[in-house]
Amino acid sequence: MRNISSVLGRLAKSISISLVLLFAVTTTTQAQDAANGAALFKSNACNSCHAVGKKLTGPDLAGLTERRDEAWIVKWIHNPQGMIDSGDEQAVALKAEYATTMAPYASLSEGDIKDIIAYLQAEEAKKKEKAAADPAAAGGSSASSDANNLMIIGLIALFVVAVAVIFALNRVTKTLERVIANNQASIDAAQAKTDEEGESGSVKFAKAFLKNKKLVFFVVLMVVGLLGVAGWKTMWNVGVHEGYKPVQPIKFSHQIHAGVNQIECQYCHGGAFKSKNASIPSANVCMNCHNTITASDHYDGNISPEIAKLYRAVDWDPESRSYGTNTRPIEWVRIHNLPDFAYFNHSQHVVVAGVECQTCHGPIQDMEEVYQYSPLTMKWCIDCHKETSVNTDNAYYDQLIEAHDKLKKGEKMTAAMIGGLECGKCHY
Amino acid sequence: MKENMLVMNKKNFLGTVCVAVALTAVVSSCGDGTTRSAGWEFSRNMYDPIAFNPDQPNKNFKNNSTAQTPPQGSNPIGFERFEYGNSVEEYERAGLELKNPIIANAENLKEGETLFLTYCAVCHGKEGAGDGTITKDREVEDSRGKRALENFPPPPSFQKSSGTPSSRGGQMSELTDGKIYHTITYGYNAMGSHASQISPEDRWKVVMFVHELQKK
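Protein sequence lines correspond, in order, to chains A and B.
Quick note on numbering: our numbering labels position 68 of the first sequence as 1287, and the sequence is numbered without any gaps.
Quick note on numbering: our numbering labels position 80 of the second sequence as 583, and the sequence is numbered without any gaps.
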């Protein structure tokens, strides 16, 4: 029995050594293949639907060669629909599972496909290596045990020091008591002297201060002045929310989305083109990107907790990539609150006047958390309206000039011709 | 003695003033000028709308929100119904039957370009080569430190020179009016529906501009 196991062990050893050697020989050629594969994977837009370690529109390509043999893969890439039609079991299963059937890539040669496979294997190995090197994953346990040892040693050292300190203090107390006992007479004399002097220094100071009427008047004046200025400023800023930065239900960063990603403001706030409100995007707009983006790289492969909040709101299941019916709105906190008696229209400013969003909203692209940049007071509006020259390059001013020309020529002009039949003129 | 006291008072007074000024300067320069509170408000009822704003909570509805999904089968005023369903067959049918109803002129094309740059270029790239900003490697540095951001899978290029095939058959550069319109409306593969963001008329303007990019 023992003999057999040792023979088996030796056999396994020799096989593994030869495999390692084979691997070492092939790696150099594989590197070239993988580089070509990477280029092909990109140029043929394979990465639009596939990734290694993640299911996108198409299946996750990690472990591809374990699932399928190379001949099958080549055949599939050349003609997926043909394979489905011929009734290949795996092909039919794929068709049933995924909404999209892959496009045929007949132009890729067998060598090309092998290169792509080499690239995929290299990627997978790289991912595994990274996961192994990640201290949070594999190295985590040893690191934490080290920390524990360090803490225990530290605690023992602290205890020893504490005992030493207690011992030393005890001796100091005893010495001091002895000193007091030796000098009792002189201490009593000193005590009697301070009692005679009576009032303390601060009371004396206060009395002298109150006698100096000019100084008292000046101090009172200063206090009244300061309170006045503070009060004046506070009163003027009642209802002005400049710098208001409320805590939002999701830690959405405009710095990432508008700054680094360079997503246009109107991609999400499209209302600024068309209407009075710039509008808070509905969550389906978020899902245009976040059906794929989960930021799992930063959370040990889990979905970012902030993105998970979005998934809960729209009831999206990232595993099955499908929506449920149990949706609930995200209750964003409104930052810019214009009073109901003031009318402001975004499209008039953004489309007609061509004002940049940042003119009023400040450096949004740098704000990790958004705050109100402008005071939104009437004075603020008026100051800008006094300085800004009108952009006359639009149909409104063409009509205006036309109307004036008609007036000059003495033609008849009715109220209806200048918008007098607009519903909103009477019904608002 | 009294004179001496006064001198001391003056010194103390000056000292106090200096400390007060320094303290004010320090306190007022604290923070970045932002606050979690909206501050004092006066006659709040003049600010709050009498009617409900769409983004306000509303107890009159079961789900407590003012903005409600329209009842099934109802059409808002001015709504243009798209008579094709969300399936591969309907996509093919739209591709064969639909023609861009918008007049092809420079003005509409320019608007199409603006819309494309706003709603599409972030993934598809400014030239439609599938190299938009969110498909590329990029880094952010904020309160959580410096880190790389996840890339969105790049869409296939629809430029003629790239020769990329579409997963629904044919070349990306040969996609017809109806196919592009159908894709914007319903979304496709990794792309979501953009119907809520782009109006039907604007979608046709985008289609017009995409055709320009397909020629490249």
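A virtual CB, placed ideally from N, CA and C, is assigned to each residue, including glycine.
All of these numbers come straight from a predicted model, not from anything done at the bench.
First and last residue of the uninterrupted alpha helix (DSSP H) at Val1571(A): Run containing Val1571(A): none; DSSP gives neither H nor E here.
Thinking just about the alpha-carbon of each residue, which of Gly518(B), Phe564(B) and Ala570(B) is nearest to the one in Asn556(B)? Ala570(B)
Please list the partners that Phe619(B) has in chain A, where partner means a Cβ-to-Cβ separation under 8 Å. What Phe619(B) touches in chain A: nothing, since even the nearest Cβ is about 11 Å away.
Among Phe661(B), Glu653(B), Ala632(B) and Glu583(B), which has the Cα closest to the Cα of Pro703(B)? Glu583(B)
Would Phe712(B) pass as an interface residue toward chain A - the criterion being a Cβ-Cβ separation below 8 Å? no
Do you know offhand how far Gly1358(A)'s Cα is from Ser1515(A)'s? Interpretation of Gly1358(A) is limited by its pLDDT of 38, a score under 50 that renders its predicted location unreliable; the figure taken from the coordinates is listed afterwards. Their Cα atoms are separated by approximately 19 Å.
Are there 16 or more other CB atoms within 10 angstroms of the CB of Leu1280(A), so buried, or fewer, so exposed? buried
Beta-carbon spacing of Ala1477(A), Gln1584(A) below 8 Å: yes
Taking the alpha carbon of Glu595(B) as the point to measure from, which residue in Gln717(B), Ile701(B) and Glu677(B) has its own alpha carbon closest? Glu677(B)
List the residues of chain A that Ser660(B) touches, going by C-beta distances under 8 Å, in chain order. Ala1264
Suppose the cutoff is 7 Å on Cβ atoms and the five residues either side in sequence are ignored; what does the same chain contact list for Arg1547(A) look like? Ala1532
If you count every other CB in all the chains shown that lies within 10 Å of the CB of Thr621(B), and 16 or more means buried, which is it? buried
Residue nearest to Trp707(B) in terms of C-alpha spacing, selected from Leu612(B), Glu644(B) and Gly672(B): Leu612(B)
Around the C-beta of Asn515(B), are 16 or more other C-beta atoms found within 10 angstroms, so that it is buried, or is it exposed? exposed
Do Lys1464(A) and Glu1588(A) have their C-beta atoms closer together than 8 Å? yes
The beta strand (DSSP E) enclosing Lys1644(A), as first and last residue numbers: Here Lys1644(A) belongs to no beta strand (DSSP E), and DSSP marks it neither H nor E.
Should Cys1645(A) be labelled buried (16 or more other beta-carbon atoms within 10 Å of its own) or exposed? exposed
Give, in chain order, every residue of the region 1271–1294 of chain A whose Cβ lies closer than 8 Å to some Cβ of chain B. Leu1275 and Thr1276
Would you call Glu644(B) buried or exposed, if buried means 16 or more other Cβ atoms sit within 10 Å of its Cβ? exposed
Using C-beta distances below 6 Å, list every residue in its chain close to Gly1256(A), excluding the 5 sequence neighbours before and after it, in chain order. Asp1334, Ile1335, Ala1337 and Tyr1338
Chain B partners of Cys1268(A), CB-CB under 8 Å? Pro656, Ser670, Asn692 and Ala693
Quick check: what's the CA-CA separation for Cys1505(A) versus Phe1471(A)? 11 Å
I need the DSSP call for Gln1474(A), collapsed to helix, strand or coil. helix
Below 8 Å, can you find three or more Cβ-Cβ pairs linking the region 1594–1602 of chain A to the region 1481–1491 of chain A? no
Does any residue of chain B bring its CB to less than 8 Å from the CB of Lys1598(A)? no
Could you tell me which residues DSSP puts in a beta bridge with Ser1648(A)? Because chain A is modelled from 1220 through 1647, residue 1648(A) falls outside the range shown and cannot be assessed.
Go to Asp1624(A), then tell me how far its beta strand (DSSP E) extends in each direction, as first and last residue. From DSSP, Asp1624(A) is part of no beta strand (DSSP E) but of the alpha helix (DSSP H) over Ala1614 to Lys1628.
If distances are taken between C-alpha atoms only, which option among Asp1617(A), Asn1480(A), Gly1643(A) and Pro1524(A) comes closest to Gly635(B)? Asn1480(A)
Between the alpha carbons of Lys505(B) and Val1438(A), how many angstroms are there, rounded? Its pLDDT being 46, under 50, Lys505(B) is placed unreliably by the model, and the measurement read from it follows with that caveat. Going by the C-alpha atoms only, they are around 20 Å apart.
To the nearest angstrom, report how far apart Tyr691(B) and Asp1519(A) are at their CA atoms. 30 Å
The beta strand (DSSP E) enclosing Asp645(B), as first and last residue numbers: Arg641 to Asp645
Helix, strand or coil: how does DSSP classify Gln674(B) here? strand
Is the shortest distance between the beta-carbon of Pro1465(A) and the beta-carbons of chain B less than 8 Å? yes
8 Å contact criterion, which Thr686(B) and Pro657(B) should meet: CB distance rounded: Not really, about 16 Å apart at Cβ, beyond 8 Å.
Count the other CB atoms, across all protein chains shown, that sit within 10 Å of the CB of Leu1619(A); report buried if there are 16 or more and exposed otherwise. exposed
Starting from the C-beta of Ala1614(A), find all residues in its chain whose C-beta is less than 8 Å away, skip the five residues before and the five after it, and write them out in chain order. none
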